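The structure appears below as structure tokens.
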Amino acid sequence: MYRRNTNATLSPTEFASLRRMANGSASAIPSAHRNLLISMRLVCFDGLAGLVLTELGRQRLECRDLKAWGGGFTSPPGPPVR
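For the sequence shown, the residue numbers in this note's numbering are 68 to 149.
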């Protein structure tokens, strides 16, 4: 199994797989991405739920979402106040 540092940057397709995992679509993730995300400790196997996002995986998603909105917003900003 290929191992990568937990803090390593994910490619856009690897990140999309992480997002799919968060949305409960583990079956739609390529096995190479699944193995990579497990080795990076972003997902883990739960005996009852199957593959699930870890806290670290949730943090990576949240961090990426914050960066996408300029670092200060968890959702898109509203219309400008005049």
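Don't be surprised by glycine CBs; every beta carbon is placed ideally from N, CA and C. Just so you know, these numbers come straight off a predicted model, no measurement behind them.
### Query
Buried or exposed: which applies to E81, given that a residue is buried once 16 or more other Cβ atoms fall within 10 Å of its Cβ?
Its Cβ being crowded by 16 or more others within 10 Å, E81 is buried.
### Query
Going along the chain, which residues of its own chain have a beta-carbon closer than 7 Å to the beta-carbon of L85, five neighbours each way excluded?
Setting aside the 5 residues that flank it on each side, L85 is surrounded in the same chain by L77, L104, L109, G124, R127 and L128, each with a C-beta closer than 7 Å to its C-beta; the list follows chain order.
### Query
When we look at the beta-carbon of A75 and count the other beta-carbons within 10 Å, is it buried (16 or more) or exposed?
With fewer than 16 other beta carbons inside 10 angstroms of its own, A75 counts as exposed.
### Query
Using the C-alpha atoms, what's the distance from F112 back to L118?
The C-alpha of L118 lies about 4 Å from the C-alpha of F112.
### Message
Beta-carbon within less than 8 Å of N72's beta-carbon, same chain only, minus the 5 sequence neighbours each way: which residues are those?
### Response
Cβ neighbours of N72 beyond the five flanking positions: M107.
#### Entry: N- and C-terminal bounds of the alpha helix (DSSP H) containing L50
Absent from the structure is residue 50, since the part of the chain shown begins at 68 and ends at 149.
### Message
Can you tell me whether L120 is buried or exposed? The criterion is at least 16 other CB atoms within 10 Å of its CB, across all chains shown.
### Response
The residue is buried, with at least 16 neighbouring Cβ atoms inside 10 Å.
### Task
Helix, strand or coil for L120, going by three-state DSSP, please let me know.
DSSP places L120 in strand when its eight states are reduced to three.
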